[in-house]
Every structure is written in C-alpha cells, then in structure tokens.
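Just below is one structure, and these are the notes that go with it.
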Amino acid sequence: MSTTRCTVISAFFPGRAGLSSSRPAKVKSTAGFDAVRSAGIGPPRSGKYSKYGWYGNVPFDASQLQHLLQSMSLTCFPGEESDAASSDDSSDDSSDESVVEAEAATPKCDSEEGAAGSVMEPGVTIEYEHPNHAEFVAAVKQAPRIKKLQLQQLHRSDDFVARWKPDKHIEAVLKALEEGPSHVEELEVYDAHWAQCYEYSDRFVELLKKYSGTLRYLSITNRALVQPNRKNKKQTVMKVVSRMPRLEHLQLVFIDHNLYFYTYRGQFAKASSAACFPALKNLEVHLRFEWYEQQFCYATLPLRDRYMEDYKYTTLTGGHKEEFQEPMLEDILRNKKDIISYLDMSVFGPTTYRLPIIDCFADLTELRGIGVRAEYVEVTAKMVHLEKINVLFHETSKEKAAAAAAFIRGGGAAVWSRVKTLNVVPTRYRDGRHPACPVRTHWRCALRAAAEQCSELRRLEVAGGDWNADTISTFLRNNAQTLEEVQLTDFEATDEHLELLLAVPTLRSAKLKRPPPKASATKKTRRGKSKRAALKADAAKDAAAVPPSELEKRGVAVEWL
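Shown next, in the form of structure tokens:
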C-alpha cells in the first residue's frame, strides 16, 4: 500500500508549518481527507498542496475543527506518533526567542493533549514528595496537561559531597518533565536546590522555554532567576522568564547570592518596556534571613549578634561590601511598586541606624499583604489597601512594643481597622518558622491595641499561650459579624471564648486548644504497661469520649488540639 506523508496539525494551522521541523508522520491513506471533503467542511480539492498537506482559503472555527478531527480516521505506524510529538517539542525548545513568542501567540494543539480544539481538559495538580518518587514520575508522564506543578521538595539526597555528581532522583524527575506535557499553568520551584545548581541550569532553561507559552504563575528564588546558562549564554532564566507572554503572578524569594554568577541586566528597571514581563500583574517579594545577613550585616555589627559565629564578622561584615549589594530589589521597589502585592520583611531586626530601604518599603501603598516585626509596624501607615498582616515578635524590647501599640492606636488605626487576616507569631528565632516561644509580658500591649482597632477580620491566627484572655475576647467581640476562621493553636479556649464563638454567624472553622481532661490516678495499671502509659491511654480515652460541642452541632469544623 502506498503511503502519503503529511503533518495533520500543520495542515489545518498554516501558521505552525514554519515552526515545526519534525519528520511528518506516515499515513496509510487519504481517506481522512476524502471524509472531510465529503462532509463539506474542508478545503476544496483544487487547493494548494505542499509537503505539509492541503491548504485552503476557508478558515476553520472551533466546531468545524472538532467535527473534522472526529471524522478523520488516520492510522499511523507503531511508534511514529510519539516520535513526532517528542521531536516537535525538541524543535520548539531549540528555536530562538522570536519563534517561542510566535508559537505562544498561535493556538497550539498537541497530539498528547487530545487535539480537541477549544474543548480543553481540566489540568491536574502534581506535587513532588520524596517517598512517592515513582508515583510522581508516572503522574507526569500520564497527565495530558498540568494545572499546578510543585517541585519545591525536590532536593539532592546528598548535599555534602566533595565533587558534584548527578542525583538519580533529580535526573529521573527532569527526564519525566522533559518527556511530559508542555502545558503547565503554575510552577512552584521556590528554593529547590536543583534549580539553583549551575550544573542543571541548561535543563532548567529548557523546561522554562517549554512552559513559556502557558505559564501564568512562577515561584523562584533570585539566585535561580539570575544564574547563567552553562551551555548557552544567550538563553538565560531571566531572559526566558521576562519574555513569557502569559506570566501574571511571580513570587520572588530573595536568598544570598553570588554576583560572579549574575545575569541581571535591568529587566525590572525598564518600566515602560513591553518586552520585559508584559503580562505581570502580581509580584510577591519574600526576603529570607540569609539575604538580609548578606546585605545589611554591617548595620548590626556593633550589636554583637549572638546568632553569628566569630568568623562571619571578619568575612561578611568588613565594611559595606559593595560586591554583595544587589540592584534588582532596588529596581523592583522603584519601578514595580504598583504591582507588588505581598512583602515579607519579617527578617529585619534592630540595627545601629535606620536603613534607607525601610523608607522604600513604606512607600509601597498598593500592598495587600505584609509580614513584619512588631518594631517595624509603622511602615504600614500609608498602605491603605492592606488586607493581611503577619506580625512577628522576636526579642522585641519594651520600648518598641509600647511604640507599636501607640502607632496602632494612632496613625495606623485607619489601616488596621480594615485588615481581613491577622497572624500573630511570637518566636525565639529570627525566621519565624519555628514553634512559638513564651510570650513576654510587655508584648501584650501591642496585641491589645490590635484587638481594639481590628473590626473587619475574617481570619484570626494567634500563636503562643501566654496572651491575656481578655485580649482574645476583644478580638472575638469586635469581629463577631465577619469572622470565618479562628486558630488559637497554643491558647486554651475558655468558656467565654466558646460563647463568643457561638455568637459569630459567619464562622466556618476553628482550631482550638482545650484543657486536657484529668485522668483518674486510682485506676489500676494494665499488665505489661507502666503507670504512666496507662494514665496516658486513659486521658486519650476520656478525650475521645467528650461529647461534641455546640459549635460542632451547628456545623462548624472544629479541630481540638
């Protein structure tokens, strides 16, 4: 039987004919084209013919294209379809930037996605977890399109090696992603080590180029964003990301970096240029402690920070260290302040003098969320659109706590009264990612001031168990008409708190801690168990026997801690 060579997708999308250099699939007959012409929806027989198939002057709409694909019965030789699809992806990755932008603007219909025209299958969310490595690889290969791809837990199994060598888990995941679908809408890389590794830079760039046409959300560190490509110096992560046509939300995590591997060329400084981040609408800035230590450690030197080793005072704090100062954040704060939606500056602690960057933070009037320490709450004075505040208490002095309370009651009253989400975390560590520490007495005045001013809260999270019970009652009383979620992870809820929660008509969920039931010490221990184990088992049994509360009867999802 004679064979005819054609590319099905290119036949009906002439714009893709010049973009694909793959070998066309072998089709046993032209019965599909005859069926199309007999249906009266395809191009006439007298149309122009080339090696890509028949070209007609009549464009196809979505319904005609769907009917067309259902009418065609094309049979390919075994293995030809997968080879053509993989070679098409590789040719797209090897093309230049102009081809990538043109391909993103052209309606793309891959064979692995079903070629269903405008009928799009819903994407799936795939998260990498180390114990489920094989399941993740299989899910990526089987998914036709991915809505959210989470890779922040993909790390090397052995970081402490004298000489770099490939990691088998990372190699398997990258291979699966390279062979997987090209439709990914959200990509969460965060601070994954492989994305910041110079040896994987070329493969990371190729993945981003593969997803550039559909990616709308990206979470990445500044180190991974500005690192060079070890194979192709002209194609870097920054260049690919800054030219993504559909990227709307970018989350930047600032960690310590090395300016010897730095490819930032003022992409954020070009505020009026449409070529750099053309569709970016939301920008999140998260500042980590290692970045703060590298940038401003000289300002804390005379304080003799007990968390720093002696060698860091001679290596990192010998002057202002201009070679470590990063211009990218300065350009973001100056030119992208209107799209910055969230700022995490909770790593900023006490310094010998006021840093100029604090004033830049205070000028972000379009912020909708902020993470800040109690001693820097005055930066929220002009943030009239603020909806979420994360307050961190870490070795806050008595004077700073009193100043924070005075600001919340005075100049910040208008802003704090419209806050929708409030999260309070007392911690003994700077980054705030560790369990809460005991609350100091002089911190309570600041939380009391917040309880008096906040009147539109929808979500309240308070960590720590040494706050005043009256302060929690004030929160529940002033926000009785708007609260939807309450989390008191370390504070034992009293009867008054439960009554106030019952009076909240909009409450949907609550995470509370109640006093542990008293176990009977007169019960005899079971054979083979100690008395302590028996008392613990009795306490758990008594806690399980507690009848459901009034909140649970009303339909509120209550989690007792």
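Counted from 1, the sequence shown has number 477 at position 477 by the UniProt record's numbering; the numbering is strictly sequential.
Built from N, CA and C at the ideal position, the CB exists for glycine as well.
Ala-510 (DSSP reduced to helix, strand or coil): Here residue 510 refers to the residue found at position 510 when the sequence shown is read from its first residue. Correct three-state label for Ala-510: strand.
Would you mind stating whether Leu-287 and Phe-204 have Cβ atoms separated by less than 9 Å? Start at 1 with the first residue of the sequence shown, and residue 287 comes out as number 287. Start at 1 with the first residue of the sequence shown, and residue 204 comes out as number 204. Result no, Cβ atoms of Leu-287 and Phe-204 do not sit closer than 9 Å.
I need the straight-line Cα distance from Glu-485 to Ala-401, nearest angstrom please. In the sequence shown, residue 485 corresponds to position 485, counting from 1. In the sequence shown, residue 401 corresponds to position 401, counting from 1. Rounded to whole angstroms, Glu-485 to Ala-401 spans 27 Å at the Cα level.
Return yes when the Cβ of Ile-389 is within less than 9 Å of the Cβ of Thr-421, no when it is not. Taking the first residue of the sequence shown as position 1, residue 421 is located at position 421. Taking the first residue of the sequence shown as position 1, residue 389 is located at position 389. It is a contact, given that the beta carbons lie within the stated cut-off.
Is the Cβ-Cβ distance between Glu-366 and Asp-331 less than 9 Å? Your numbering for residue 366 matches position 366 in the sequence shown. Your numbering for residue 331 matches position 331 in the sequence shown. No, they are not a contact pair.
What does the Cβ neighbour count give for Met-383, buried or exposed, with the cut at 16 atoms within 10 Å? Locating residue 383 in the sequence shown gives position 383, where the first residue counts as 1. Flag for Met-383 reads buried.
Residue burial classification, His-257 (beta-carbon count within 10 angstroms, cutoff 16): Here residue 257 corresponds to residue number 257 of the sequence shown, with the count starting at 1. That one is buried.
His-385 burial status per 10 Å Cβ neighbour count (16 or more: buried): Numbered from its first residue, the sequence shown carries residue 385 at position 385. So His-385 ends up on the exposed side.
Any C-beta of chain B under 9 Å from that of Ala-279: You won't find chain B in this structure, because it holds only one protein chain.
Tell me whether residue 625 is buried or exposed, calling it buried when 16 or more other Cβ atoms sit within 10 Å of its Cβ. Outside the displayed span of the chain (1 to 561) sits residue 625, for which this structure offers no information.
Contact belief for Phe-475 with Cys-454 at Cβ below 8 Å, rounded distance in angstroms: Taking the sequence shown and counting its residues from 1, one reaches residue 475 at position 475. Taking the sequence shown and counting its residues from 1, one reaches residue 454 at position 454. Contact holds; Cβ gap of about 7 Å.
In its own chain, which residues sit with a C-beta less than 6 Å from the C-beta of Ala-480, not counting the 5 before and 5 after it? Taking the first residue of the sequence shown as 1, we reach residue 480 at position 480. Answer for Ala-480: Ala-503 and Val-504, listed in chain order.
Identify the residues that DSSP records as bridge partners of Tyr-190: which are they? As a working mapping, residue 190 is identified with position 190 in the sequence shown. According to DSSP, which records beta bridges pairwise, Tyr-190 is partnered with Ile-220.
Asp-202: first and last residue of the uninterrupted alpha helix (DSSP H) it sits in: By 1-based counting over the sequence shown, the position of residue 202 is 202. Its alpha helix (DSSP H) spans residues 201-211.
What would DSSP say about Lys-48, mapped onto helix, strand or coil? Position 48 of the sequence shown, counted from the start, is the residue given in the question as residue 48. Residue confidence is low: Lys-48 scores 41 on pLDDT, short of 50, so the model does not pin down where it sits. Its coordinate-derived value is still stated next. Strand at Lys-48.
When you compare the CB positions of Phe-268 and Met-345, do they come within less than 9 Å of one another, or not? For the purposes of this step, residue 268 is identified with residue 268 of the sequence shown, where counting begins at 1. For the purposes of this step, residue 345 is identified with residue 345 of the sequence shown, where counting begins at 1. Contact flag unset, no.
Considering only the beta carbon of each residue, do Thr-489 and Ala-463 sit closer than 9 Å? Residue 489 sits at position 489 when you count from the first residue of the sequence shown. Residue 463 sits at position 463 when you count from the first residue of the sequence shown. Yes.
So Val-253 is in the beta strand (DSSP E); what residue range does that whole segment cover? The residue given as residue 253 occupies position 253 in the sequence shown. Residues 249-254.
So the candidates are Glu-290, Tyr-292, Lys-239 and Phe-393; which of them puts its Cα closest to the Cα of Phe-277? For this step, residue 277 is matched to residue 277 along the sequence shown. Ranking the options by Cα distance to Phe-277, first place goes to Lys-239.
CB-CB under 6 Å to Leu-225, same chain, minus the five flanking residues each way: which ones, in chain order? Translated into positions along the sequence shown, residue 225 becomes position 225. Same-chain partners within the cutoff: Val-237 and Met-238.
Report buried or exposed for Asn-232, applying the criterion of at least 16 other Cβ atoms within 10 angstroms of its Cβ. Counting from one through the sequence shown, the residue named residue 232 turns up at place 232. Exposed, by the Cβ-count rule.
With the cut-off set at 9 Å, would you say Leu-512 and Trp-560 are in Cβ contact? Residue mapping note: residue 512 aligns to position 512 of the sequence shown, counting from 1. Residue mapping note: residue 560 aligns to position 560 of the sequence shown, counting from 1. Yes.
Nearest neighbour of Leu-280, chosen from Arg-216, Pro-228, Leu-343 and Lys-234 [CA to CA]: The count along the sequence shown starts at 1 and reaches residue 280 at position 280. That would be Arg-216, whose Cα lies nearest to the Cα of Leu-280.
Alpha carbon to alpha carbon, what distance is there between Glu-378 and Val-439? In the sequence shown, residue 439 corresponds to position 439, counting from 1. In the sequence shown, residue 378 corresponds to position 378, counting from 1. Cα-Cα distance, rounded: 22 Å.
By the three-class DSSP mapping on this structure, what secondary structure does Phe-491 have? The residue you call residue 491 lines up with position 491 of the sequence shown. If DSSP states are grouped into helix, strand and coil, Phe-491 belongs with the strands.
N- and C-terminal bounds of the alpha helix (DSSP H) containing Thr-441: The residue you call residue 441 lines up with position 441 of the sequence shown. Looking at the DSSP string, Thr-441 is not in any alpha helix (DSSP H), and its letter there is neither H nor E.
How about Pro-228 and Glu-199: are their beta carbons less than 9 Å apart? Along the sequence shown, read from residue 1 onward, the residue named residue 228 stands at position 228. Along the sequence shown, read from residue 1 onward, the residue named residue 199 stands at position 199. Their beta carbons are not under 9 Å apart, which means Pro-228 does not touch Glu-199 by this criterion.
Collapsed DSSP secondary structure at Asp-344 in the structure displayed: Translated into positions along the sequence shown, residue 344 becomes position 344. Looking at Asp-344 - three-state DSSP - the assignment turns out to be strand.
Taking DSSP's pairing of strands, which residues face Thr-557 in a bridge? Within the sequence shown, numbered from 1, the residue matching residue 557 stands at position 557. In the sequence under discussion, the amino acid at residue 557 is Ala, which differs from the Thr named in the question. The partner list for Ala-557 (beta bridge, DSSP) reads Ser-509.
By Cβ distance, which residues of its chain are closer than 7 Å to His-497, with the 5 residues on each side in sequence left out? Residue numbering aside, residue 497 sits at position 497 when the sequence shown is read from its first letter. Once the five neighbours on either side are set aside, the close Cβ partners of His-497 are Ile-472, Ser-473 and Leu-476.
Compute the Euclidean distance between the alpha carbons of Tyr-353 and Gln-295, then round it to the nearest angstrom. Along the sequence shown, read from residue 1 onward, the residue named residue 353 stands at position 353. Along the sequence shown, read from residue 1 onward, the residue named residue 295 stands at position 295. The alpha-carbon atoms of Tyr-353 and Gln-295 are separated by roughly 15 Å.
Buried or exposed by the 16-neighbour rule on C-beta atoms within 10 Å, applied to Gly-117: For this step, residue 117 is matched to residue 117 along the sequence shown. At Gly-117 the pLDDT is 32, less than 50, meaning the model places this residue with poor confidence; the figure from the coordinates comes in the next sentence. Buried, by the Cβ-count rule.
Which same chain residues, not among the five before or five after Ala-404, have their C-beta less than 6 Å away from its C-beta? Here residue 404 refers to the residue found at position 404 of the sequence shown. Once the five neighbours on either side are set aside, the close Cβ partners of Ala-404 are Ala-374, Val-377 and Ala-446.
Inspect the beta-carbon positions of Phe-136 and Ile-126 and report whether they are closer than 9 Å. Working through the sequence shown from its first residue, we reach residue 136 at position 136. Working through the sequence shown from its first residue, we reach residue 126 at position 126. Taking 9 Å as the Cβ cut-off, Phe-136 and Ile-126 qualify as a contacting pair.
Rounding to the nearest angstrom, what Cα-Cα distance links Val-253 and Leu-392 in this structure? Start at 1 with the first residue of the sequence shown, and residue 253 comes out as number 253. Start at 1 with the first residue of the sequence shown, and residue 392 comes out as number 392. Looking at the two C-alpha atoms, the distance is approximately 19 Å.
Glu-461, DSSP secondary structure in three states: Start at 1 with the first residue of the sequence shown, and residue 461 comes out as number 461. Glu-461 falls in the strand class under three-state DSSP.
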